[in-house]
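First comes the structure, then the notes that go with it.
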Amino acid sequence: MQIIDAQDVIKRFGAFTAVDGIRFHVEKGEFFGLLGPNGAGKTSAIRMIYGFSPVTAGHMRVFGMDIATQWREIRSRMGVCQQENTLDPDLTVEQNLRIYARYFDMEKTRARERAEELLEFFALSHKRAAKVMELSGGLARRLQLARALMAEPDLLILDEPTTGLDPQSRHQVWNRLTDLKKRGLTMLLTTHYMDEAESLCDRLVIMDHGRIIAQGAPRQLIAEHAAESVIEIEGPGLELKTYLKGHQIKHDDLGERMIIFADAQGELEDEVRRRFCMASCLFRAGNLEDVFLRLTGRELRE
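So for the sequence shown, the working numbering puts the first residue at 87; every next one is plus one.
This is the structure in structure tokens:
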């Protein structure tokens with residue numbers, strides 16, 4: 087069953103086209119990623135999915151329903167964890183959960199039970215009486231996730247859920263999201279952390295300038311656009327550059343650093359190690375960040 091089905095979706099703001107005819111679908115129980123640099127159109131796409139921003143053209147269906155006409159019913163089955171902290175600072179941790187349940191007309195007994203379940207699941211029970219302002223960034227993010235799950239949604243949208251968190255807090259959030267994935271919850275993730283997307287997502291799309299430029303499973307995209315093995319060489323000489331061009335080997339020349347995308351058999355690695363690794367060489371596995379940078383470029387954007 088398809089939870090999200092986007093067909094030729096366009097979003098315009100006056101003369102500016104933020105989303106330019108994207109097509110993708112998300113299956114039930116899938117952890118799906120929506121990646122791209124700043125200004126790629128990710129936020130505009132997400133806001134159309136949960137009915138905050140109307141579709142200019144094309145068709146967006148969620149749970150088999152048209153977002154243009156059935157957005158109220160769609161949003162009642164959806165949880166959204168926004169990047170910004172939208173918790174109520176005047177309420178305690180537990181109150182933030184139980185009062186949020188009222189927006190979904192949840193019966194009080196069930197709201198109390200659900201709050202207990204989520205406090206335990208996100209390891210927040212010991213902070214139930216604390217005010218939001220007393221929480222660390224990691225605890226506040228876990229509370230936002232818990233609140234997004236209060237109404238037992240069929241789809242959870244995660245807009246950069248770990249931005250600004252320290253490594254320990256990030257991995258705690260990852261563990262909880264992995265548990266939710268095992269339980270069959272459908273999730274849509276946007277993130278600037280490529281290791282996060284690579285670890286969590288079953289499939290993903292990469293957007294740039296409002297269009298989808300690649301989609302597939304993380305390892306599939308790595309094999310297609312980068313390589314399973316990567317060699318980084320500092321201070322590459324003319325002989326190496328000539329060798330790579332002459333043998334038509336996939337590489338990125340960054341001036342003072344060369345990134346070589348090696349074959350899976352290891353023959354290229356052996357040759358490079360023998361002939362060109364007199365100074366600094368790094369041998370590592372290819373990753374999603376290699377794909378992202380090769381497709382969207384390495385220059386800074388405003």
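Backbone N, C-alpha and C fix where the C-beta goes; we use that ideal spot for every residue, glycine too.
Between the C-alpha atoms of Arg-359 and Ala-312 there is a straight-line separation of about 19 Å. Of the residues assessed, Ser-222 falls on the exposed side of the cut-off, its CB having fewer than 16 other CB atoms within 10 angstroms.
Of all alpha-carbon atoms in Gly-341, Ala-371, Glu-342 and Arg-343, the one lying nearest the alpha-carbon of Glu-355 is that of Ala-371.
DSSP, read as helix, strand or coil, puts Glu-193 in coil. Of the candidates Thr-195, Leu-275 and Ala-101, the residue whose Cα lies closest to the Cα of Lys-128 is Leu-275.
As for any alpha helix (DSSP H) of minimum length 4 sitting wholly inside the segment 147 to 223, the runs are 157 to 162, 179 to 188 and 194 to 207, ordered along the chain. The C-alpha of Glu-199 lies about 11 Å from the C-alpha of Glu-180.
The criterion of a C-beta distance shorter than 8 Å is satisfied by Arg-161 and Gly-137. In this structure, Arg-214 keeps its C-beta atom at 8 Å or more from the C-beta atom of Leu-225.
About 17 Å separates the beta carbon of Leu-271 from that of Leu-290, a gap too long to meet the 8 Å contact definition. If you ignore the 5 residues before and after Ile-346, its C-beta comes within less than 6 Å of the C-beta of Ile-317 and His-337, all in its own chain and listed in chain order. Three or more beta-carbon pairs drawn from the segment 89 to 104 and the segment 140 to 160 are found closer than 8 Å, and the two stretches are therefore classed as touching. Between the alpha carbons of Ala-197 and Asp-240 lies a gap of roughly 17 Å. Within the same chain, Trp-260 come within 7 Å of Ser-285 by CB-CB distance, once the 5 residues on both sides are set aside. Secondary structure at Arg-297: strand, using DSSP grouped into helix, strand and coil. Under the three-state reduction of DSSP, Gly-332 is assigned to helix. For Leu-271, no beta strand (DSSP E) encloses it, and the DSSP letter there is neither H nor E.
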